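**Student:** First the structure, which I've put down as structure tokens, then a few questions once you've had a look.
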Amino acid sequence: MRLISEVAEPELSSLGLELGLSEQEKSLQLKLRDFCDAVVNPAAKLIDQLPASAVGKNALFWEMYSSFNSLGLNVDDLYLSTDKLKANRLKSIAYQELGRGDAGFAIGLMVANYPYVMCRLLGRHDLAEKAAGKMGCWIATQPSRGSDVGDIEGTEKPNESRHQPGEMYAQINDSEVILYGESSDWVSLAPVASIAIGYFPLREKQRPLFNKDGTTKGIGVFVPLDSEGVSKGAALEKLGQRTLPQGSIKFNHVRLPIDHIIAGPDDYRASMLSALCEGNHTMAAVFTGCAQRAYELAMEYSHNRIQGGVPIVKHQAVHLRLFDIFRRIESMRAVTKQSFDYNALAKAPHLLSATVAKVHVTENAVIAISECMRLFGGKGLIKSCPMEKLLRDARASVTEDGDNHLLSLKAGTYLSWAHTGFAKPEF
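In numbering that gives the first Met the number 0, the protein residues as written are 0 to 426.
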């Protein structure tokens, strides 16, 4: 036990109650905060006002990425590091700071590197070389297959039923993989990407192929988006995260060498789970940072806004509201750190940990930012107030990367498996 020797204000870091950062962690956090304040936040504010079709053509969009690359932080190395605990703690801090700068840009950075990182992790250096330095994306959802794509093990579909086959699929012959159909409109960075990893259900002579448990058979494919037969739909006009261009990708008899398959039918589920797991806990870090930014703005405004003859922070009700926001964000930060630690220390990463973080953080981010907006009164609702954009950005997160209801159902199933044991599915 340590004794308190005098009454004093609490010691808070720029990450709230998070103390004891290593020198490397402090350096990364401060460098990214300065970068986001100077470059990302001003650019994102302007990009947010553009029509979706103009975002990928705007110089500010590309300057955010090139300016980040010039920092020399080598985020790819964190994904490839053998010291997973150290790397994951750095990633957690990095994506909190990037999310504080702009959520759409933060998610874009994660997605852009995915094809390169995945190929490196799989030892496919031939494909990694093709992806190096290029804007990437990953493709999974389809017009009739949304968050249910995330039900990889088929635990949440009605008994005896099958997964929806979807509109996008692959066929395999002796030397080629052939791609058909169209993704959903929600492929992040699709309008600007030049490379992709796509998760395609398999068909044989136009007949969907299913595993014995009713889930779709599938493969993961490395797809250069300049391949003959690939085209893109219009950039999606949407609520929030407008710095993250999204749209569909279409495949008209796209023929690729069979060695572009990075995950065969036996590896398809594990590869999908890897992507979803990494995406989910990164989402938690991003929207912890997004909520942190809203809290900082609300705290500053509460000390400057005069109402009833005094700054509104002098009113006890405002104290209560600020504390409620603060304790939500601290719980978000804690569960995010726990998820990154778990997925570094466990025998293998697991979607349960990432889901706890993603669901808890994104649900609370919407509540916390909404409460911050209310402290601004009517001013919080106008376009010139940053609170309005922060709430739009956060609202998308409860559906993004798996709807929170579906993810929560799966997490409940995982808890049951932990209690009773898991019967490996039959293919």
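Beta carbons: idealized from backbone N, C-alpha and C, even for Gly. All values reported here derive from a predicted model rather than from experimental measurement.
Measure the Cβ-Cβ separation of Gly153 and Thr214 and say whether it is below 8 Å.
**Tutor:** Result yes, Cβ atoms of Gly153 and Thr214 sit closer than 8 Å.
**Student:** Assuming Pro256 is part of the beta strand (DSSP E), what are its boundary residues?
**Tutor:** Here the beta strand (DSSP E) through Pro256 covers 248-256.
**Student:** Quick check on the DSSP output: the beta strand (DSSP E) that includes Glu181 runs from which residue to which?
**Tutor:** Unbroken beta strand (DSSP E) run through Glu181: 175-181.
**Student:** Pick out whichever of Ala102, Gly288, Ala7, Asp258 has its Cα sitting closest to the Cα of Lys44.
**Tutor:** It is Ala102.
**Student:** Under the DSSP definition of a beta bridge, which residues are partnered with Phe375?
**Tutor:** None, per the DSSP bridge assignment.
**Student:** Does DSSP put Ser143 in a helix, a strand or coil?
**Tutor:** Note: Ser143 maps to coil in three-state DSSP.
**Student:** Report the three-state DSSP secondary structure of Cys35 (helix, strand or coil).
**Tutor:** Helix, per DSSP.
**Student:** Are there 16 or more other CB atoms within 10 angstroms of the CB of Pro244, so buried, or fewer, so exposed?
**Tutor:** With 16 or more other Cβ atoms within 10 Å, it is buried.
**Student:** Quick check on Gly379: buried or exposed, where buried means 16 or more other Cβ atoms within 10 Å of its Cβ?
**Tutor:** With 16 or more other Cβ atoms within 10 Å, it is buried.
**Student:** Since Gly377 contacts Tyr94 with CB under 8 Å, what's their CB separation in whole angstroms?
**Tutor:** 33 Å between Cβ atoms; not a contact.
**Student:** Going by the C-beta, is Gly132 closer than 7 Å to any heavy atom of the ligand FMN?
**Tutor:** As presented, the structure is devoid of all ligands, the ligand FMN included, so that no description of it is given.
**Student:** So, do the stretch 230-239 and the stretch 76-92 have three or more beta carbon pairs nearer to each other than 8 Å?
**Tutor:** At 8 Å Cβ cutoff, the stretches do not touch.
**Student:** CA-CA distance, Ala297 and Arg332?
**Tutor:** Cα-Cα distance, rounded: 18 Å.
**Student:** Can you name the start and end residues of the alpha helix (DSSP H) that Val285 belongs to?
**Tutor:** Its alpha helix (DSSP H) spans residues 267-303.
**Student:** Just the Cα atoms here: how many angstroms apart are Ile194 and Gly165?
**Tutor:** Ile194 and Gly165: Cα-Cα distance of roughly 22 Å.
**Student:** Enumerate in chain order the residues of its own chain whose CB-to-CB distance from Arg32 is below 6 Å, with the five nearest sequence positions on each side excluded.
**Tutor:** Here the set comprises Glu96.
**Student:** Check this for me: beta carbons of Ala356 and Gln240, under 8 Å apart or not?
**Tutor:** No, they are not a contact pair.
**Student:** In angstroms with no decimal places, state the Cα-to-Cα distance between Leu238 and Ser301.
**Tutor:** Their backbone Cα atoms lie some 27 Å apart in a straight line.
**Student:** Less than 8 Å between the beta carbons of Ile328 and Gly122, yes or no?
**Tutor:** Cβ atoms of Ile328 and Gly122: not closer than 8 Å.
**Student:** Could you give the C-beta distance for Ala42 and Glu62, rounded to a whole number, given that I count them as a contact under 8 Å?
**Tutor:** Their Cβ separation, rounded to whole angstroms, is 7 Å, which keeps Ala42 and Glu62 in contact under 8 Å.
**Student:** Rounded to whole angstroms, what's the CA-CA distance from Leu414 to Leu77? Just pull it up for me.
**Tutor:** Answer to the nearest angstrom: the Cα atoms are 29 Å apart.
**Student:** Below 8 Å between beta carbons: does that hold for Asn210 and Lys204?
**Tutor:** Their beta carbons are not under 8 Å apart, which means Asn210 does not touch Lys204 by this criterion.
**Student:** What residue range is occupied by the uninterrupted beta strand (DSSP E) comprising Ala169?
**Tutor:** Residues 168-171.
**Student:** Return the CA-CA distance between Pro256 and Arg144, expressed in angstroms with no decimal places.
**Tutor:** Pro256 and Arg144: Cα-Cα distance of roughly 26 Å.
**Student:** Just curious, the beta strand (DSSP E) that Lys231 is in, first and last residue?
**Tutor:** 229-231 is the extent of the beta strand (DSSP E) around Lys231.
**Student:** Which residue or residues does DSSP assign as beta-bridge partners of Phe199?
**Tutor:** DSSP lists Ile218 as partners of Phe199.
**Student:** Considering Cα atoms alone, identify which of Met0, Pro385, Arg206 is closest to Glu295.
**Tutor:** Of Met0, Pro385, Arg206, the residue nearest in Cα terms is Pro385.
**Student:** Measure the Cβ-Cβ separation of His252 and Phe221 and say whether it is below 8 Å.
**Tutor:** No, the pair does not count as a contact, with Cβ atoms beyond the cut-off.
**Student:** May I have a chain-ordered list of the beta strand (DSSP E) segments no shorter than 3 residues that lie completely inside the stretch 309-362?
**Tutor:** Counting whole runs of 3 or more residues, the stretch 309-362 contains no beta strand (DSSP E) stretch at all.
**Student:** Excluding five sequence neighbours on each side, which residues of the same chain lie with their C-beta closer than 8 Å to the C-beta of Val116?
**Tutor:** Within the same chain, Val116 has close Cβ partners Asp75, Tyr78, Leu79.
**Student:** Skipping 5 residues on each side, what residues in its chain have a beta carbon closer than 6 Å to that of Pro114?
**Tutor:** Cβ within range, chain order: Ala130, Gly135, Ile194, Ile196.
**Student:** Out of curiosity, what's the CA-to-CA distance linking Thr140 and Val186?
**Tutor:** If I take the Cα positions, the gap works out to 8 Å.
**Student:** Could you check if Phe421 is buried or exposed, using at least 16 other CB atoms within 10 Å of its CB as the buried criterion?
**Tutor:** It counts as exposed.
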